[in-house]
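Novice: After the structure tokens below, expect a handful of questions from me.
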Amino acid sequence: MLIYEYVPSVETVAGYWVGNTEKVSGALCKQVYVKSATASTVFDVILYDSHNVAIRKFTDQTGSVNDLTEVPVRGIITVEIDNATRDEGFTVKLCFVEK
26 MLIYEYVPSV ETVAGYWVGN TEKVSGALCK QVYVKSATAS TVFDVILYDS
76 HNVAIRKFTD QTGSVNDLTE VPVRGIITVE IDNATRDEGF TVKLCFVEK
């Protein structure tokens, strides 16, 4: 079992940021963690698969998201932070477990 974490350096500009993971194959996304630098910041987080289909969507989140729902993934996953009420740093962490 291989555990892979995606932990980019994130700074929103005009309330927006996007990043791509390395290619993963036959994995489960075990955790989606996104936390704004300010606890009162409201934002959306969307994960897209390699075909640009939204596979997880968290809207109007305040401060942080910590989702532990297991989602099967394959390919490059795109993470998007949108509609953030502040331009600031975010902590982003995706954890994958390959079988």
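Sequence positions in the sequence shown follow my numbering and run 26 to 124.
Each residue gets a CB set at the ideal place from its N, CA and C atoms; glycine is no exception.
Remember, predicted model here, so these are calculated numbers, not experimental data.
CB-CB under 8 Å to residue 39, same chain, minus the five flanking residues each way: which ones, in chain order?
Specialist: Start at 1 with the first residue of the sequence shown, and residue 39 comes out as number 14. Closer than 8 Å at Cβ, skipping near neighbours: 112.
Novice: In or out: residue 109 buried (at least 16 other Cβ within 10 Å) or exposed?
Specialist: One-based indexing of the sequence shown puts residue 109 at position 84. Buried is the call here.
Novice: Mind checking whether residue 120 and residue 30 have CB atoms under 8 Å apart?
Specialist: For this step, residue 120 is matched to residue 95 along the sequence shown. For this step, residue 30 is matched to residue 5 along the sequence shown. Yes; because the gap between Cβ atoms is below 8 Å, this pair is in contact.
Novice: Going by the beta-carbon positions, is the gap between residue 92 and residue 67 smaller than 8 Å?
Specialist: Counted from its first residue, the sequence shown places residue 92 at position 67. Counted from its first residue, the sequence shown places residue 67 at position 42. No, they are not a contact pair.
Novice: Can you name the residues that DSSP bridges to residue 75?
Specialist: Here residue 75 is taken as the residue at index 50 of the sequence shown, counted from 1. Note: residue 75 sits in no beta bridge, so no partner.
Novice: Going by other Cβ atoms of all chains shown within 10 Å of its Cβ, with 16 needed for buried, is residue 52 buried or exposed?
Specialist: By 1-based counting over the sequence shown, the position of residue 52 is 27. Buried is the call here.
Novice: Just list the residues that DSSP pairs residue 87 with in beta bridges.
Specialist: In the sequence shown, the residue the question calls residue 87 occupies position 62. DSSP output for residue 87 lists 67 as bridge partner(s).
Novice: Can the beta-carbon of residue 124 be found less than 8 Å from the beta-carbon of residue 89?
Specialist: Counting from one through the sequence shown, the residue named residue 124 turns up at place 99. Counting from one through the sequence shown, the residue named residue 89 turns up at place 64. No. Outside cutoff.
Novice: Is the Cβ-Cβ distance between residue 43 and residue 103 less than 8 Å?
Specialist: Translated into the one-based positions of the sequence shown, residue 43 becomes position 18. Translated into the one-based positions of the sequence shown, residue 103 becomes position 78. Contact: yes.
Novice: Between 107, 37, 34 and 49, which lies nearest to residue 100 when the distance is taken from Cα to Cα?
Specialist: In the sequence shown, the residue the question calls residue 100 occupies position 75. Minimum Cα distance to residue 100 is reached at 49.
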